[in-house]
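Residue numbers (the working numbering): 18 to 114.
Where a beta carbon is used, it is the ideal one built from N, C-alpha and C, also for glycine.
Data first, discussion second: the structure below is written as structure tokens.
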């Protein structure tokens with residue numbers, strides 16, 4: 018008898034997240050005028066309906082960095098991973114959460 022939360026051998030782990038679901042994302046990058054357009058362009062395959070009004074934008078205190086928040090309809094873990102990887106191809110992206 019096991020007291021840990023780990024499944025026994027042969028048992029499947031329950032999914033951490035049930036898909037499809039609303040999935041919030043946050044991108045921290047160097048501030049630049051073209052950032053939202055670049056994100057929309059690089060994500061057009063995965064998120065064809067993404068538009069500039071979907072982003073909540075916050076500048077850092079000294080306005081050197083920007084935090085962009087948006088929520089997507091995630092289809093699967095692979096879909097989320099593909100989105101993260103696409104965002105990371107852009108230059109001066111510091112974090113994707």
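Do we get a CB-CB distance below 8 angstroms when we pair residue i with the residues of chain C?
i	result
residue 67	Structure shown: chain C not included; a single protein chain is present.
Just confirm the distance between the C-beta atoms of residue i and residue j, as a whole number of angstroms; I'd bet it's less than 8 angstroms.
i	j	result
residue 46	residue 109	5 angstroms
residue 64	residue 89	6 angstroms
residue 82	residue 48	6 angstroms
residue 40	residue 113	The Cβ separation is near 12 angstroms, so there is no contact.
When you compare only the Cα positions, how much space is there between residue i and residue j?
i	j	result
residue 43	residue 86	4 angstroms
residue 84	residue 61	20 angstroms
residue 91	residue 34	10 angstroms
residue 99	residue 59	11 angstroms
Checking the sheet assignment: what are the DSSP bridge partners for residue i?
i	result
residue 73	86
Every unbroken alpha helix (DSSP H) inside the stretch 77 to 105 [4 residues or more]: Note on the stretch 77 to 105: whole alpha helix (DSSP H) runs with a minimum of 4 residues are 94 to 105, in chain order.
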